[in-house]
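Reading the sequence shown from the start, the letters are residues 1 to 480 in UniProt numbering.
Think of the CB as a built atom: it goes at the ideal place given N, C-alpha and C, for glycine as much as any other residue.
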Amino acid sequence: MVKICCIGAGYVGGPTMAVIAHKCPDIKVVVVDISVSRITAWNSDQLPIYEPGLDDLVKSCRGKNLFFSTDVEKHVSEADIIFVSVNTPTKTRGLGAGKAADLAYWESAARMIADVSKSDKIVIEKSTVPVKTAEAIEKILTHNNKGVNYQILSNPEFLAEGTAINDLFAPDRVLIGGRETPEGQRAIKALKDVYAHWVPEERILCTNLWSAELSKLAANAFLAQRISSVNAMSALCEATGADITQVSHAVGKDTRIGHKFLNASVGFGGSCFQKDILNLVYICECNGLPEVANYWKQVIKVNDYQKNRFVNRIVSSMFNTVSGKKIAILGFAFKKDTGDTRETPAIDVCKGLLGDKANLSIYDPQVTEEQIQRDLSMNKFDWDHPVHLQPMSPSSVKQVSVVWDAYEAAKGAHGLCIMTEWDEFKNLDYKKIYDSMPKPAFVFDGRNVMDPKKLREIGFIAYSIGKPLDSWLKDMPAVA
Ligand code: NAI
1 MVKICCIGAG
11 YVGGPTMAVI
21 AHKCPDIKVV
31 VVDISVSRIT
41 AWNSDQLPIY
51 EPGLDDLVKS
61 CRGKNLFFST
71 DVEKHVSEAD
81 IIFVSVNTPT
91 KTRGLGAGKA
101 ADLAYWESAA
111 RMIADVSKSD
121 KIVIEKSTVP
131 VKTAEAIEKI
141 LTHNNKGVNY
151 QILSNPEFLA
161 EGTAINDLFA
171 PDRVLIGGRE
181 TPEGQRAIKA
191 LKDVYAHWVP
201 EERILCTNLW
211 SAELSKLAAN
221 AFLAQRISSV
231 NAMSALCEAT
241 GADITQVSHA
251 VGKDTRIGHK
261 FLNASVGFGG
271 SCFQKDILNL
281 VYICECNGLP
291 EVANYWKQVI
301 KVNDYQKNRF
311 VNRIVSSMFN
321 TVSGKKIAIL
331 GFAFKKDTGD
341 TRETPAIDVC
351 KGLLGDKANL
361 SIYDPQVTEE
371 QIQRDLSMNK
381 FDWDHPVHLQ
391 PMSPSSVKQV
401 SVVWDAYEAA
411 KGAHGLCIMT
421 EWDEFKNLDY
431 KKIYDSMPKP
441 AFVFDGRNVM
451 DPKKLREIGF
461 IAYSIGKPLD
471 SWLKDMPAVA
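Structure, rendered in structure tokens:
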């Protein structure tokens, strides 16, 4: 029986290994992590992450050929194939701070593999890493040469949170990069055989190591760029009376462009886009390519601009101040169907409103009060280091209350902001909400989930990203 060990039981390691175990009953899969609380949760009924379909999948193979353990060294030493799926956050200090990937977690995993391995291993980069990382990993693995042979493969993960299980069951492609030597090709074949249990062969792409590593950064940069492009257009729509929904529909009908990832919003979030683009920018700078670095940096700048613009729109609409006013925040996760709040635009928007002394009442169906308080008192990039490895925040933000119902959040609020596109927000009784708010009552829809015309019929002053403005908003000072 082939033995797989995955180091890192996070948003990628957990779901990916559950799918491999489910599709490959002839393979034993052990997911290991240094976090005792995470492993305990994976072994319980309350999994550490929310992902549609994940609970049933884990239950179907846990204890059969899928195991979760903190005995990292034992399972690494027994494995034939080791996936490394640890976090690769943005460096917060030292050389490349604020841009470069922090490979400290990866390095310590690699050193541990080198220390405990007694048999040959295929070591797979599942984490997103800078291009050329495999070269450094090889050096670490072979530094105290004990006669163990290692083959490094790059097998970046393209799943999206919220649809992870579907993405893993039916991936657009699986990418495997390896050395162009006979040993490298054999390692590629071994990993290909795992995926071939359920992925059609034509969808398994094999490349050299550097192409695979760079393709992941490139794919995220392209995806984020589409969002920043449509968001940049949304600002122009608001200034001219064009409607971004109509514009993106018309643009996306061009088959060369396509309709996916063309929704305007308050901005992209999540643990990957910003960190991977910053990483790309840093790699370009290090390779003497400042023009290329600046090109990609602009994708982040537009994203920051969009979040600022949203906050400015709220404050300027509400008579240029939200001081002492209650604002309801519906949704805190960075997208629907996940409880993940890493780099969620809600953090920046809430911080912007708190900066203007608003009182916030926040509701998200999957995010706990503890998480929200932690996020709002954290410094930039700190979120990217696993929460369970950090000390608790010393204090909570006093102007923030977290409630477990959208109506409760909205009661008595001067304005309501939709920050996540949860389906339940589309079906709320907005008349009931309107009646519970002081007038004029405002809705700021950061995800364009509601039809602003319908909201205006109820009586709201409604703002949607990139849509023709309410006459009220037109009369307010310009938003920069
Ligand atoms: P995560 O933070 O949820 O999980 C990483 C886990 O690794 C943590 O539980 C941490 O305790 C563990 N860990 C760190 N160092 C360790 C060590 N030395 N030994 C054992 N365990 C260790 O991170 P997530 O979201 O799963 O991301 C992992 C990687 O996958 C990152 O490089 C990310 O960029 C990439 N990725 C993430 C995607 C996502 O949607 N979250 C999608 C595609 C790639």
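Check                                                                                                                                                                             : Outcome
For a quick check, are the C-beta atoms of G178 and L223 less than 8 angstroms apart?                                                                                             : no
When DSSP labels each residue in this structure, what does A41 get in the three-state scheme?                                                                                     : helix
Can you tell me where the alpha helix (DSSP H) with V367 in it begins and where it stops?                                                                                         : It is not in any alpha helix (DSSP H) - V367 carries neither H nor E in the DSSP assignment.
Suppose contacts are defined by Cβ-Cβ distances below 8 angstroms. Is G162 in contact with S85 by that definition?                                                                : no
Quick check: is any heavy atom of ligand 1 less than 7 angstroms from the C-beta of T163?                                                                                         : no
Which value, in whole angstroms, describes the spacing of the CA atoms of E285 and A293?                                                                                          : 6 angstroms
Using the three-state DSSP reduction, which class does D445 fall into: helix, strand or coil?                                                                                     : strand
Just reading off the beta strand (DSSP E) that Q151 is part of, what are its end residues?                                                                                        : 150-154
By Cβ distance, which residues of its chain are closer than 7 angstroms to S44, with the 5 residues on each side in sequence left out?                                            : none
Helix or strand or just coil, what does DSSP make of A101?                                                                                                                        : strand
Is the segment 256-271 touching the segment 441-451 in the sense that three or more CB pairs, one from each, lie closer than 8 angstroms?                                         : yes
Identify every residue that forms a DSSP beta bridge with R256.                                                                                                                   : Beta-bridge pairing links R256 to no other residue.
Check whether the Cβ of C5 lies closer than 7 angstroms to any heavy atom of ligand 1, and answer yes or no.                                                                      : no
Specify whether the segment 433-442 and the segment 197-204 touch according to this definition: at least 3 beta carbon pairs, one from each stretch, less than 8 angstroms apart. : no
Can you tell me which of A239, P171, C417, L217 puts its alpha carbon nearest to the alpha carbon of A358?                                                                        : C417
Using DSSP with H/G/I as helix, E/B as strand and the rest coil, what is T90?                                                                                                     : strand
Please report the residue range of the beta strand (DSSP E) in which E457 lies.                                                                                                   : Note, E457: premise wrong, no beta strand (DSSP E); alpha helix (DSSP H) at 452-458.
Please list, in chain order, all residues of the same chain as H388 whose beta carbon is under 7 angstroms from its beta carbon, the five residues on each side excluded.         : Interpretation of H388 is limited by its pLDDT of 48, a score under 50 that renders its predicted location unreliable; no figure is taken from the coordinates.
S127 to G96, Cα distance in whole Å?                                                                                                                                              : 19 angstroms
Inspect the beta-carbon positions of T338 and F332 and report whether they are closer than 8 angstroms.                                                                           : no
Looking at C-alpha atoms only, which residue of D364, D429, N427, L159 is the closest neighbour of S401?                                                                          : D364
Going by other Cβ atoms of all chains shown within 10 Å of its Cβ, with 16 needed for buried, is P15 buried or exposed?                                                           : buried
Work out the CA separation of E370 and L153 for me, nearest whole Å.                                                                                                              : 38 angstroms
Spatial neighbours of C24 within its chain, please: CB distance less than 7 angstroms, with the 5 preceding and 5 following residues excluded, ordered by chain position.         : V194, H197
How many angstroms separate the CA atom of P130 from the CA atom of N155?                                                                                                         : 13 angstroms
Quick one: is Y1 buried, meaning 16 or more other Cβ sit within 10 Å of its Cβ, or exposed?                                                                                       : Note that residue 1 is Met in the sequence shown, not Tyr. M1 is exposed by the Cβ-count criterion.
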